[in-house]
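Below is one structure; the comments refer to it alone.
Residue numbers (our numbering), protein chains in the order written: chain A, 98 to 525; chain B, 98 to 525; chain C, 98 to 525.
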């Protein structure tokens, strides 16, 4: 893997992982984690058992599914889990019955307004069975009897999640979270873990990381609740910035969803990165939330987590249907999302509070940093440097300064290095 | 009286009270208070005597008026207090003289731009006499001599005011104030006390009131100053919300006038109620003030008093003229004003600070509060409930939460009850 | 000098001073200071020597220039310092050489886009020589040899600056600073010191000044850095408001440049004065800075200095060229700038915190301050007075009150005097 074609690499991972039948728990999830462990050896695959209590929630049984189909009177399998794992409602209980069409209808899910798409449906906490199919498939069903078969079973098992800790100079932590629990869908969800893994790989290469990185891959909702129930105090103490990584693989737009109050460092960073790289990005509010920020930013939890996305869950028509497939995401889409997150991590690593070492403006000319002849306009080039210095008061962070002087923060990194080297400013 | 036709009931009270010649002090005020005492037995009619000093002010003598008229040479009473009590300047001193028209002009008040209206004029603190008449009446006056008679007298007496205390579970108080001191005018002033009395009657019916209600009917300005001079420390200690009730009987618009800094709970409530029930309401500023908020929100007093009105004093053409009569107000206008204040009181009673009982989102599904099957869009109905819970952090009040989630607070009362009952949140 | 024709007087000073060859240090500066000392005897002319270290800076040698010219082969002086002192680069080292045109070009400065203007160029801290000429002059230079002569010298000397302290009742200080270091240019710079001197003269006439005034005339940048290096602690302790005075002589517009955070009393005053006298004024930001506020508002210095200008340095085409001459400024332009600063000083002197002496509204009628008859609209005249009183809560300054009630503060001075005299309010 080279950084150069990282978009294609990520797309390749997504392609490999797409067919696996992931769910809240079970074999599909483990297969996915094993795939990632081959890329990131530091990935630890952990588990909690059925019955484990996390705050208000309890880990259910594992669901195993062997096959599921609907047969017509002629013995033709007109709907088959094997052709698309979205065809069966997640956590469907076993069934083997003949039903007439009217009875069957109660167990069918389709989308009248998206007649070609198979919807994604689950029922984790209440036992039922059901089939999902396209509206067009449904319309073709003729009155008569159908043989419905779901060969599934429930058993005591484990809920798996992955954790990676990449230590840095400080024990203060940056927290990255993505989820693994959806079957064959691409933007939501495969783009999330795939970009997270690429980002983790890149973080591993950062020399002299200032901060420790904690990266988790968990099943959405229940997984983040479990992780919080095990690590809440530690996370509250250590985490000063973080991102939930989801829906980051198509190339239609960039999106931002805030933390609960929208005022954390992570929010400021997400906004800065998107304003300077994708100024037409879509800005959502806390009321538009729908992923694990619901847990990470819940009252009393309040981790500083913001979300940078491409097309946001719930906002694009293919969401939670069979149309959210490998055609929807692209190497460019994945790479754009990865780059935004890399820029965000770079901001975190560079965002020091700076202080001028002298009163008044330093004489930059004698250090070769300022034109020695004063002609109309001659100082324009040094202007950004002077603007930066003018806010090095020991109170503003570099990100705040960048916002004050209307500059992308990454344009300031080299200037800061030069000024620190020349002892004109220092890092507090 | 039933709640159903409360608009008509209030209008009936206004009709009964309209003819009475109220003033700063005196018999008309007492007659008005006695009328209200028949409706609200808890109303206590209190008094302070002539000469009583309240801060910078002193209670003047009572003014009694027997008759007042202008007669022409033919002995015809061309202006007569009996036909409209606005015809004489309030607190006019006695006079019995023949004057020529030029001399008379100095004592006449009319409104050239509203030629049909008799203006309302008073001179409480400086002795003078005068007649108010329509511009059309004035134009008909021919040169010649006129006999002017005011049979009035001043005497040591009392300034009356009414007070009602309706105790609640807490000794913390909601303060409601309206005024009784204007003669025959309807929107300003009869709508104020009439709606206040209806509101008081409704508050009496509230089971398990959380708060104590202090309701006063006082003459404007001097009355509120006297009441404050007697109760300032008590009011500052107990009152956490309140409304000045005035100009609340026509049905042209709704209006809001803030407290001095505009940031009290009462301001927030008034804005919330009007934004969600009459979004085109008119928003005035402190510089537009003109009623008893001038005293209640004065420096060092600073009670949290805001004002919800229909057409605001000084802003409608009929204000302080004979055109502010029973045609200007209506049962619907009065009822709309009453309802806005009732909604405001309900907000006060419901505005608790809420706290989630669990970390992370509660599992509402197991409590029957959330769909057990996850289909695209299935959570929409529970969305408002989830939004509410997401702000139950022990710091936001229900009103703040309603504003955060763009919901009318009254739509949340039942949800809060259900969540408290299910022990998902608790009231702090 | 009378106040009446102060515009002409200032213009006369500028005319007298225009020809002098000022620079960072030297005879021209001293001549200018001596001229001002004749007007303001309190002006003390101070000095620091070559080699003096001020924070990051060191005072260079004095530069003396006898003559400078370019001669062509025919012995004609085609460029001569005597005709315009902008023709030689400030601090040019001596030279006496024959050069061909190509070699000469490296030492020439002109402005292609302003072909008639001679630019103003300096090189204080690096030894070089050069000539400035109009683009039109430059285009006429034919290939061939030229005799370039700069008879200049450098010597240990002094950097001069002027200081005036005008004591007031309080030792708290208002700090005014302007600069003296530019050769023959009018808006930038002569308007600055000329208006400062007229302003100082006017401050001297203020009876019972509340505050002490510290006024300095220094060479820009190095002068303010030196002054700060000598007085930093004193200035930080005493100065509560101040203005940098520059570019205040033309009559095209008014301009405002803020302090670093833009929130000091001086900023509020500058904004108030300009909003009420020149509402179309141009509002710049800290990023547009370019004069001594760069030092006065530097991190750790943070004096409360704002800038009121006419056409701002760097923003008008004639800036730093020979076109910034006596035609650009005018008596009206200078007087307008002076008046804005006088109004600003008056605000400082009047800006007390006020407190009502009574609870509730005072009864102004008994003091003859309010109409005794209450007719519709009769209180309008007293409205501003009542508005003012309503904010006399011991927390708002008069400037804050003026902003709250949308009044020019100078319209309130007489009202405050009347209310204080009537003991209705008091000054805290």
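In this text, a Cβ means the ideal position worked out from N, Cα and C, and glycines have one as well.
Close Cβ partners of residue i (< 8 Å) along its chain, the five nearest in sequence each way excluded
i                      : result
residue 227 of chain C : 185, 186, 189, 204, 205, 206, 218 and 220
residue 137 of chain B : 261, 294, 297, 298 and 301
residue 518 of chain C : none
Counterpart residues of residue i in DSSP-defined beta bridges
i                      : result
residue 150 of chain C : C/155
residue 187 of chain B : B/219
residue 256 of chain C : C/145
residue 321 of chain A : The partner list for residue 321 of chain A (beta bridge, DSSP) is empty, contrary to what the question assumes.
residue 206 of chain C : C/229
residue 490 of chain B : B/452
residue 380 of chain A : A/353
Proximal residues to residue i (C-beta, below 6 Å), its chain only, five neighbours per side dropped
i                      : result
residue 110 of chain C : 291
residue 515 of chain C : none
residue 209 of chain B : 232
residue 159 of chain C : 122, 123, 252 and 254
residue 195 of chain B : 242 and 244
The beta strand (DSSP E) enclosing residue i, as first and last residue numbers
i                      : result
residue 242 of chain A : 242-252
residue 272 of chain B : 270-276
residue 59 of chain A  : Outside the displayed span of chain A (98 to 525) sits residue 59 of chain A, for which this structure offers no information.
residue 338 of chain C : 336-341
residue 174 of chain C : 174-177
residue 195 of chain C : 192-197
residue 464 of chain C : Per DSSP, residue 464 of chain C belongs to no beta strand (DSSP E) and is neither H nor E.
residue 521 of chain A : Unbroken run through residue 521 of chain A: none, as it is neither H nor E.
residue 496 of chain C : Here residue 496 of chain C belongs to no beta strand (DSSP E); instead the alpha helix (DSSP H) covers 495-501.
residue 311 of chain B : 309-315
residue 485 of chain A : Unbroken run through residue 485 of chain A is the alpha helix (DSSP H), 480-487; no beta strand (DSSP E).
residue 451 of chain C : 450-453
Beta-carbon proximity list for residue i, same chain, < 7 Å, skipping 5 on both sides
i                      : result
residue 231 of chain A : 207, 212, 213, 214 and 215
residue 340 of chain C : 273, 363, 402, 403, 404, 405, 438 and 441
residue 98 of chain C  : Only weak support exists for where residue 98 of chain C lies, its pLDDT of 46 falling under 50; the value from the coordinates is given anyway. So the qualifying residues of the chain are 106.
7 Å Cβ cut-off: residues of chain F touching residue i
i                      : result
residue 229 of chain C : Included in the structure are the protein chains A, B and C, with no chain F among them.
Range covered by the alpha helix (DSSP H) that runs through residue i
i                      : result
residue 409 of chain B : Neither: residue 409 of chain B is in no alpha helix (DSSP H) and is coded neither H nor E.
residue 369 of chain A : 362-374
residue 113 of chain C : 103-114
residue 354 of chain B : Segment 352-354 is the beta strand (DSSP E) holding residue 354 of chain B; no alpha helix (DSSP H) there.
residue 401 of chain B : From DSSP, residue 401 of chain B is part of no alpha helix (DSSP H); its letter is neither H nor E.
residue 392 of chain B : 390-393
residue 128 of chain C : 124-136
Residue i Cβ short of 6 Å to the ligand ZN heavy atom set
i                      : result
residue 370 of chain A : Ligands displayed in this structure: none; no statement on the ligand ZN is therefore possible.
For the region 394-415 of chain B, which residues have a CB atom closer than 7 Å to at least one CB atom of chain C, in sequence order? Residues 395, 396, 397 and 398.
Within 8 Å, do at least three Cβ pairs link the region 371-381 of chain B to the region 244-261 of chain B? Touching, no.
Relative to chain C, which residues along the region 147-165 of chain B have a C-beta separation below 9 Å, given in chain order? Cβ contacts with chain C come from 151, 152, 153, 154 and 155.
Is the number of C-beta pairs between the region 434-451 of chain B and the region 335-344 of chain B that are closer than 8 Å three or more? Taking a contact to require three or more Cβ pairs closer than 8 Å, the region 434-451 of chain B and the region 335-344 of chain B qualify as touching.
Select from the region 456-477 of chain A all residues with a C-beta closer than 8 Å to any C-beta belonging to chain C, and list them in chain order. From the region 456-477 of chain A, only 456, 457, 458, 459, 460, 462, 463, 469, 470, 471, 472 and 473 have a Cβ closer than 8 Å to chain C.
Take every Cβ of the region 308-327 of chain C, pair it with every Cβ of the region 268-276 of chain C, and state whether three or more of those distances are shorter than 8 Å. Touching, yes.
Positions along the region 501-519 of chain A whose CB lies within less than 9 Å of some CB in chain C: If you check each beta-carbon in the region 501-519 of chain A against every beta-carbon of chain C, the ones closer than 9 Å belong to 501, 502 and 503.
Of all the residues that make up the region 204-225 of chain B, which are near chain C by a beta-carbon distance shorter than 8 Å? If the cut-off is 8 Å between Cβ atoms, the region 204-225 of chain B has 206, 208, 216, 217, 218, 219, 220, 221, 222, 223 and 225 near chain C.
Three or more C-beta pairs below 8 Å linking the region 505-513 of chain C and the region 468-480 of chain C: Touching, no.
Check whether the region 349-359 of chain A and the region 445-452 of chain A are in contact - that is, three or more C-beta pairs closer than 8 Å. They do not touch, by the three-pair rule.
Listed in chain order, which residues of the region 418-431 of chain B have Cβ atoms closer than 8 Å to some Cβ of chain C? Residues of the region 418-431 of chain B whose Cβ lies closer than 8 Å to any Cβ of chain C, in chain order: 418.
Any C-beta of chain B within less than 8 Å: which residues of the region 440-454 of chain C qualify? The region 440-454 of chain C vs chain B, Cβ under 8 Å: 452 and 453.
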